[in-house]
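So the protein lines, in turn, are chains A and B. Final position of the first sequence in numbering that gives the first Met the number 0 is 252; the numbers increase by one with none missing. Final position of the second sequence in numbering that gives the first Met the number 0 is 252; the numbers increase by one with none missing. Using N, Cα and C, we set each Cβ at its ideal position, and we do this for glycine too. Read through the structure below, which is laid out as structure tokens, and then see the notes.
There are 2 protein chains.
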Amino acid sequence: MMENSPIPIDLDHLRRSCGSCALHELCLPAGIGTDDLELLDATVHDKRALDRGKTLFRQGESFHALYVVRSGSLKSFVESAGGDLQVLGFHLPGEIVGIDGLTSDHHMCSAEALERTSICELPYAQLQHVTGAVPALHRQLMRVVSREMVAEHEHMVMMGRQQAQERLAIFLQGLAVRYARLSRDPATLTLPMSRYDIANYLGLVMETVSRLFSRMEAAGILSVNRKAVRILRPDLLAELCGQSGTPYADHAD
Amino acid sequence: MMENSPIPIDLDHLRRSCGSCALHELCLPAGIGTDDLELLDATVHDKRALDRGKTLFRQGESFHALYVVRSGSLKSFVESAGGDLQVLGFHLPGEIVGIDGLTSDHHMCSAEALERTSICELPYAQLQHVTGAVPALHRQLMRVVSREMVAEHEHMVMMGRQQAQERLAIFLQGLAVRYARLSRDPATLTLPMSRYDIANYLGLVMETVSRLFSRMEAAGILSVNRKAVRILRPDLLAELCGQSGTPYADHAD
DNA sequence: CGACTGATTGAGTTTCCTCAAGAACTGTGG
DNA sequence: CCACAGTTCTTGAGGAAACTCAATCAGTCG
Numbered sequence: 000m001m002e003n004s005p006i007p008i009d010l011d012h013l014r015r016s017c018g019s020c021a022l023h024e025l026c027l028p029a030g031i032g033t034d035d036l037e038l039l040d041a042t043v044h045d046k047r048a049l050d051r052g053k054t055l056f057r058q059g060e061s062f063h064a065l066y067v068v069r070s071g072s073l074k075s076f077v078e079s080a081g082g083d084l085q086v087l088g089f090h091l092p093g094e095i096v097g098i099d100g101l102t103s104d105h106h107m108c109s110a111e112a113l114e115r116t117s118i119c120e121l122p123y124a125q126l127q128h129v130t131g132a133v134p135a136l137h138r139q140l141m142r143v144v145s146r147e148m149v150a151e152h153e154h155m156v157m158m159g160r161q162q163a164q165e166r167l168a169i170f171l172q173g174l175a176v177r178y179a180r181l182s183r184d185p186a187t188l189t190l191p192m193s194r195y196d197i198a199n200y201l202g203l204v205m206e207t208v209s210r211l212f213s214r215m216e217a218a219g220i221l222s223v224n225r226k227a228v229r230i231l232r233p234d235l236l237a238e239l240c241g242q243s244g245t246p247y248a249d250h251a252d
Numbered sequence: 000m001m002e003n004s005p006i007p008i009d010l011d012h013l014r015r016s017c018g019s020c021a022l023h024e025l026c027l028p029a030g031i032g033t034d035d036l037e038l039l040d041a042t043v044h045d046k047r048a049l050d051r052g053k054t055l056f057r058q059g060e061s062f063h064a065l066y067v068v069r070s071g072s073l074k075s076f077v078e079s080a081g082g083d084l085q086v087l088g089f090h091l092p093g094e095i096v097g098i099d100g101l102t103s104d105h106h107m108c109s110a111e112a113l114e115r116t117s118i119c120e121l122p123y124a125q126l127q128h129v130t131g132a133v134p135a136l137h138r139q140l141m142r143v144v145s146r147e148m149v150a151e152h153e154h155m156v157m158m159g160r161q162q163a164q165e166r167l168a169i170f171l172q173g174l175a176v177r178y179a180r181l182s183r184d185p186a187t188l189t190l191p192m193s194r195y196d197i198a199n200y201l202g203l204v205m206e207t208v209s210r211l212f213s214r215m216e217a218a219g220i221l222s223v224n225r226k227a228v229r230i231l232r233p234d235l236l237a238e239l240c241g242q243s244g245t246p247y248a249d250h251a252d
């Protein structure tokens, strides 16, 4: 797969560098000058690929790095003493995970690959060093952290809905929006997570989610085939969201 | 209230300074040297008191500062187009709010005082200036942000519980833990928020919360009198949490 | 003192959960 | 390539928990 070119290291570096990454504008490099970008590049370790089901970090482990999804997807979750778990989020390319570990130097949740996933690792000690030297990077890091916090707020808004159908509709619509950000077709969703994960994320049981998919398919809103979901009627889906799907739509300037 | 002393400004400053604040160890000053503390002090604007029901900032407003609760309490919430809202959190002294505004330079939620509340305002432009000069402050800011994120994860774990009683138990226990951090009696809770706010926060309706309070009082676990709640049997309360109340109890080293 | 807001309690209904069986897809090995 | 086991998902029937509607009670504030 990886042929030996005359200057293999440079090519390798170039291909993986933050500057050439497709996620450039979503990730930490956004708004950073080329000189400073090299500093950032030096701190990014490439973690290669995680196979489906493999954990990136586990709850309780000591914290030493932040991670950015490069391709594929992750789920993050907490396990309680009783053994039951709560899915906290699904993470698509360009999204950061591991921030929760900063406050106590231990990861407070686990992160697991939902499919074959590649990751950029940002050792925190080094990252701190660079943010100290590059104020723009500090600001961008805070922006990205803030974005994750807003995503969690959206999760709560969804969990707060009484009607199960609203929750699923908001979930699907949110996913479509994130697909669009990644320049994917927002109407053609490939759900990398199981029905169990979706249900847990939404605060429901698997059977309810399954029934809702069937109901929404019968209503002509979706076409559902296991992990392949097509949004046929975005207008009707938006209606099901009960005006709560886009709580942050209005940015009054 | 504020008598004229020979050097009024110094006294005033001393009383309000981060160094003398009781929340010192919970807040941004933690682990900062005295010299750097003066730099931080200079950026902190005192917002004085907000009366009950007054908003600190409103969803959609442009972002320009972070805020720390000094005394009293806040609730943060999002309003959807339909008019219904979701309570995202209750904020006690030492806790930071406003981080969600960083990602788009607009506040993505609103914050309102639940009682007479005093606030420290940290204009973000100035704060950034200081964090650039004081690496320890940058690290501490990230820690505090991370702590807020962990708090949101706890909220989700609670919302994910099916049983309404578990949710309320986890809520009360979490509040007790935060009271303890503030050196208050963790068994004597004074709930500054309404039953409606509690219910909304838990993803329930007011009547259910009210019934649960009554049921837990009948079971001898609590004594409830409006906003005054005493935890009579912490052991039974912990039992109701269903082993999910303290998901982060184990920090395996 | 009376209107008002906030909280409690009751009765009835709906939604979603539980339990259970069956169908469809995945992957492995012959 | 097919058979088979294992997993994941779907669908059904029944019941329980929480919601809705409604009335009452208690504090609060003018």
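Between the CA atoms of residue j and residue i - distance to the nearest angstrom
{"i": "Gly93 of chain A", "j": "Leu27 of chain A", "result": "9 Å"}
{"i": "Arg232 of chain B", "j": "Ser182 of chain B", "result": "20 Å"}
{"i": "Pro246 of chain A", "j": "Thr33 of chain B", "result": "Since pLDDT at Pro246 of chain A reaches only 49, below the 50 mark, its modelled position is unreliable, and no value is offered."}
{"i": "Glu206 of chain B", "j": "Gln161 of chain A", "result": "14 Å"}
{"i": "Ser193 of chain B", "j": "Leu201 of chain B", "result": "12 Å"}
{"i": "Pro122 of chain B", "j": "Leu39 of chain B", "result": "11 Å"}
{"i": "Ser19 of chain B", "j": "Gly18 of chain A", "result": "46 Å"}
{"i": "Leu126 of chain B", "j": "Leu113 of chain A", "result": "39 Å"}
{"i": "Gly100 of chain A", "j": "Ala218 of chain A", "result": "43 Å"}
{"i": "Leu25 of chain B", "j": "Ser16 of chain B", "result": "14 Å"}
{"i": "Arg106 of chain B", "j": "Ser79 of chain B", "result": "Checking the sequence shown, residue 106 of chain B turns out to be His, not Arg. Going from the Cα of His106 of chain B to the Cα of Ser79 of chain B covers about 14 Å."}
{"i": "Val208 of chain B", "j": "Thr116 of chain B", "result": "26 Å"}
{"i": "Leu87 of chain A", "j": "Arg51 of chain B", "result": "33 Å"}
{"i": "Ala48 of chain B", "j": "Val67 of chain B", "result": "12 Å"}
{"i": "Lys226 of chain B", "j": "Ile197 of chain B", "result": "11 Å"}
{"i": "Leu22 of chain A", "j": "Gln172 of chain A", "result": "21 Å"}
{"i": "Val254 of chain B", "j": "Val77 of chain A", "result": "Past the edges of chain B, shown from 0 to 252, lies residue 254 of chain B, and the structure says nothing about it."}
{"i": "Glu111 of chain A", "j": "Lys46 of chain B", "result": "43 Å"}
Chain-ordered chain A contacts of residue i [CB-CB under 7 Å]
{"i": "Val253 of chain B", "result": "It is not possible to answer for residue 253 of chain B, since the shown part of chain B is limited to 0 through 252."}
{"i": "Arg146 of chain B", "result": "Thr102"}
{"i": "His152 of chain B", "result": "Val77, Leu87, Asp99, Met107, Cys108"}
{"i": "Gly93 of chain B", "result": "Here the premise fails: no neighbours, minimum Cβ distance about 13 Å."}
Host alpha helix (DSSP H) of residue i (start-end)
{"i": "Glu153 of chain A", "result": "134 to 159"}
{"i": "Ala29 of chain B", "result": "Segment: none, Ala29 of chain B is in no alpha helix (DSSP H) and carries neither H nor E."}
{"i": "Asp40 of chain A", "result": "33 to 42"}
First and last residue of the uninterrupted beta strand (DSSP E) at residue i
{"i": "Phe76 of chain A", "result": "73 to 78"}
{"i": "Gln162 of chain A", "result": "Here Gln162 of chain A belongs to no beta strand (DSSP E), and DSSP marks it neither H nor E."}
{"i": "Pro122 of chain A", "result": "116 to 122"}
{"i": "Leu55 of chain B", "result": "54 to 56"}
{"i": "Glu60 of chain B", "result": "That residue, Glu60 of chain B, is in no beta strand (DSSP E); it is neither H nor E in DSSP."}
{"i": "Ala21 of chain A", "result": "Unbroken run through Ala21 of chain A: none, as it is neither H nor E."}
Residue from the options whose Cα sits closest to the Cα of residue i
{"i": "Gln164 of chain A", "options": "A:Val133, A:Val176, A:Ala237, A:Gly100", "result": "A:Ala237"}
{"i": "Leu235 of chain B", "options": "B:Glu147, B:Arg225, B:Leu221, B:Val204", "result": "B:Leu221"}
{"i": "Ile31 of chain A", "options": "A:Leu22, A:Leu136, A:Val129", "result": "A:Leu136"}
{"i": "Phe89 of chain A", "options": "A:Gly82, A:Gly97, A:Asp83", "result": "A:Gly97"}
{"i": "Gln58 of chain A", "options": "A:Leu84, A:His44, A:Val68", "result": "A:Leu84"}
{"i": "Asn199 of chain B", "options": "B:Leu167, B:Ser103, B:Val228", "result": "B:Leu167"}
{"i": "Phe170 of chain A", "options": "A:Arg69, A:Glu60, A:Leu239", "result": "A:Leu239"}
{"i": "Val177 of chain A", "options": "A:Ser117, A:Thr130, A:Ser72", "result": "The sequence shown places Arg at residue 177 of chain A, not Val. The shortest C-alpha separation from Arg177 of chain A is found at A:Ser72."}
{"i": "Asp104 of chain B", "options": "B:Ala124, B:Glu216, B:Leu87, B:Pro185", "result": "B:Ala124"}
{"i": "Gly241 of chain A", "options": "B:Ala21, B:Gly82, B:Val77", "result": "B:Gly82"}
{"i": "Ser61 of chain A", "options": "A:Val68, A:Thr42, A:Ser109", "result": "A:Ser109"}
{"i": "Lys53 of chain A", "options": "A:Glu37, A:Leu36, A:Ser75, A:Asp35", "result": "A:Ser75"}
{"i": "Ser145 of chain A", "options": "A:Thr189, A:Ile95, A:Glu120, A:Leu174", "result": "A:Ile95"}
{"i": "Thr102 of chain B", "options": "A:Arg142, A:Thr42, A:Ser70", "result": "A:Arg142"}
{"i": "Ser213 of chain B", "options": "B:Ala175, B:Asn224, B:Arg69", "result": "B:Asn224"}
{"i": "Leu188 of chain B", "options": "B:Ala175, B:Ile197, B:Tyr195, B:Asp196", "result": "B:Ala175"}
{"i": "Phe56 of chain B", "options": "B:Ile118, B:Arg229, B:Val156, B:Glu37", "result": "B:Ile118"}
{"i": "Val129 of chain B", "options": "B:Pro191, B:Ile230, B:Glu37", "result": "B:Glu37"}
Contacts that residue i makes with chain A (C-beta to C-beta distance below 9 Å)
{"i": "Gln127 of chain B", "result": "Pro134, His137, Arg138, Met141"}
Chain-ordered chain B contacts of residue i [CB-CB under 9 Å]
{"i": "Asn199 of chain A", "result": "Gly159"}
Neighbouring residues, chain B, relative to residue i (Cβ below 7 Å)
{"i": "Gln85 of chain A", "result": "Met155, Val156, Gly159"}
{"i": "Gly202 of chain A", "result": "Met158, Gly159"}
Interface residues of chain A facing residue i [CB-CB closer than 8 Å]
{"i": "Ser209 of chain B", "result": "Result: empty, since nearest Cβ-Cβ is about 17 Å, beyond 8 Å."}
Neighbouring residues, chain B, relative to residue i (Cβ below 8 Å)
{"i": "Thr130 of chain A", "result": "His137"}
Cβ-heavy atom distance, residue i to the ligand COA, below 7 Å
{"i": "Tyr123 of chain A", "result": "In the structure shown, the ligand COA is absent, as is every other ligand, since no ligand is present at all."}
Open item on the list: At 3 residues or longer, what runs of the beta strand (DSSP E) sit wholly inside the region 162 to 239 of chain B?
Closed with: List check, beta strand (DSSP E) in window: 187 to 189, 221 to 224, 227 to 230.
- [ ] List in chain order: all unbroken beta strand (DSSP E) runs of 3+ residues lying wholly within the region 85 to 115 of chain B.
- [x] Qualifying beta strand (DSSP E) stretches, in chain order: 109 to 112.
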